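Novice:
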Amino acid sequence: IALAWAIALACTLAVTLTGSGAAAQIPTLPDSVEQAIVGVLIDDSDGRPIPAASVTLLRGPSTLSTVTTDDEGRFRMPVPLPGFYRLGASRIGYVPTESQLLEIETGVILTVEYRILPDAILMEPILVTARSDQGRSIFEDRRQEWGRGLYLTPEMVDSINPRHHPGEVFRGQEDVWLSWGTARVSSGAWAPVPRVRTYRGYGCLKYMVDRVPVRPDATWSSFPLDGLLPQDIVAVEIYRYVGEAPPELRRFATAGDAAMCGLVVFWTHAGW
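Residue numbers (my numbering): 239 to 510.
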């Protein structure tokens with residue numbers, strides 16, 4: 239969520255790393271960079287900063303840049319464009335780890351505390367965020383005041399328990415038809431992709447991730463949908479045809495000039 243005058247946003251991460259080594263200088267952000275991630279890498283077992291560790295900026299399957307933490311575990315990462323990214327962290331003695339999906343908005347400097355655990359303790363990454371609950375508020379307002387469509391609350395998503403693909407949340411939903419195919423994803427590999435249609439309206443579906451609409455020609459085999467993992471999902475809004483979508487979202491639930499689709503809004507930890 240961008241703050242007034244596009245200043246800073248606070249977010250806290252937890253994952254796994256440690257060790258010794260020479261300190262590295264924190265890169266200086268050039269004046270032209272409008273958004274960045276600034277943070278500190280911490281050993282979650284003892285609270286100490288982790289020096290000389292590699293922190294990478296990831297978008298989909300691609301590594302965009304890598305920096306090294308200084309002797310106080312600090313790092314600074316320019317972000318080229320607004321969008322969805324992950325952080326990766328690695329160091330001898332720690333499990334190489336990737337964070338959950340992060341949304342970086344224009345002009346925002348995201349401050350993170352990235353906590354990782356030593357190699358001997360195998361745990362899932364933990365993301366603790368200090369962002370406001372604007373996503374939660376938007377979801378609840380639409381569910382209670384608009385009411386049309388299908389609303390999968392965090393409890394419902396947990397009960398569905400998607401393990402392999404975000405598309406599993408559509409399984410068993412009323413008037414929603416889910417089948418599976420294969421396609422070449424942006425990593426170059428062939429992978430299962432969902433084919434989701436509805437029995438209402440035009441039948442097709444368009445997508446948003448948090449408050450960001452996926453480009454009209456995007457498919458499940460392209461970013462950011464192929465970068466969305468089941469564990470990223472907190473809640474889901476499903477509007478099975480354009481008439482179910484709230485007025486502020488209807489312009490996103492279209493295809494071409496005239497064909498009207500439905501719309502799915504995935505809420506992730508980054509936007510919730």
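We put the CB at the ideal spot given by N, CA and C, even for glycine.
Nothing here was measured: the structure is a model prediction, and the numbers come from that model.
1. Please return the same chain residues whose Cβ sits closer than 8 Å to the Cβ of M446, not counting the five positions on each side in sequence.
2. With contact counted as at least three CB pairs below 8 Å, one residue from each stretch, are the stretch 294-314 and the stretch 371-389 in contact?
3. Quick one: is A473 buried, meaning 16 or more other Cβ sit within 10 Å of its Cβ, or exposed?
4. Rounded to the nearest angstrom, what separates T266 and T436 at their Cα positions?
5. Excluding the 5 residues flanking G321 on each side, which residues of the same chain have their C-beta closer than 8 Å to its C-beta?
6. For L279, count neighbouring Cβ atoms within 10 angstroms of its own Cβ and tell me buried if that reaches 16, exposed if not.
7. So, helix, strand or coil for G419, using DSSP?
8. So is T335 buried or exposed if we call it buried at 16+ other beta carbons inside 10 Å?
9. Figure out for me which residue from D284, P318 and R312 has the closest Cα to the Cα of L302.
10. I believe Y479 touches R422 by the beta-carbon criterion, under 8 Å. Please report the beta-carbon distance rounded to the nearest angstrom.
11. I want to check one thing, is the minimum distance from the CB of G426 to the heavy atoms of the ligand MG below 6 Å?
12. Spell out the partners DSSP gives D281 in its beta bridges.
13. If you draw a straight line from the C-alpha of L241 to the C-alpha of V346, how long is it?
14. Take L339 as the anchor and find which of I471, D284 and I476 has the nearest alpha-carbon.
15. Closest by CA to P356, which one among G277, S328, S375 and L388?
16. In the DSSP assignment, the beta strand (DSSP E) including S337 goes from what residue to what residue?
17. With a CB to CB cut of under 6 Å and the five nearest residues on each side skipped, what residues in its chain are close to A483?
18. Report yes if the CB atom of L466 is closer than 7 Å to the CB atom of P392, and no otherwise.
Specialist: For this structure:
1. Closer than 8 Å at the Cβ level, and outside the excluded window around M446, lie V452, L487, F490, L501, V502, V503 and F504.
2. At 8 Å Cβ cutoff, the stretches do not touch.
3. It counts as buried.
4. Because T266 sits at a pLDDT of 44, beneath the cut-off of 50, its placement in the model cannot be relied upon, and the point is left open.
5. The beta carbon of G321 sits closer than 8 Å to those of R297, E341, I342, V450 and P462, all from its chain and outside the five residues before and after it, given in chain order.
6. A residue is called buried when at least 16 other Cβ atoms come within 10 angstroms of its Cβ; L279 meets this threshold and is buried.
7. Note: G419 maps to strand in three-state DSSP.
8. T335 sits buried, since 16 or more C-beta atoms from the chains shown fall within 10 Å of its C-beta.
9. With respect to the C-alpha of L302, the residue from D284, P318 and R312 having the closest C-alpha is P318.
10. Contact between Y479 and R422 does not hold, since the beta-carbon distance rounds to 30 Å and is not under 8 Å.
11. The model on display carries no ligand, and the ligand MG is accordingly not part of it.
12. D281 pairs with I354.
13. With a pLDDT of 31 at L241, under the threshold of 50, the modelled position of that residue is not reliable, and the figure given next carries that caveat. The straight-line gap from Cα to Cα measures roughly 8 Å.
14. The residue among I471, D284 and I476 with its C-alpha nearest the C-alpha of L339 is I471.
15. Checking every option, the nearest Cα to that of P356 belongs to S328.
16. From DSSP, S337 is part of no beta strand (DSSP E); its letter is neither H nor E.
17. Around A483, the same chain offers Y477, A491 and L501 as residues with beta carbons nearer than 6 Å, after the five sequence neighbours per side are excluded.
18. Taking a C-beta distance under 7 Å as the contact criterion, L466 and P392 do not qualify as a contact pair.
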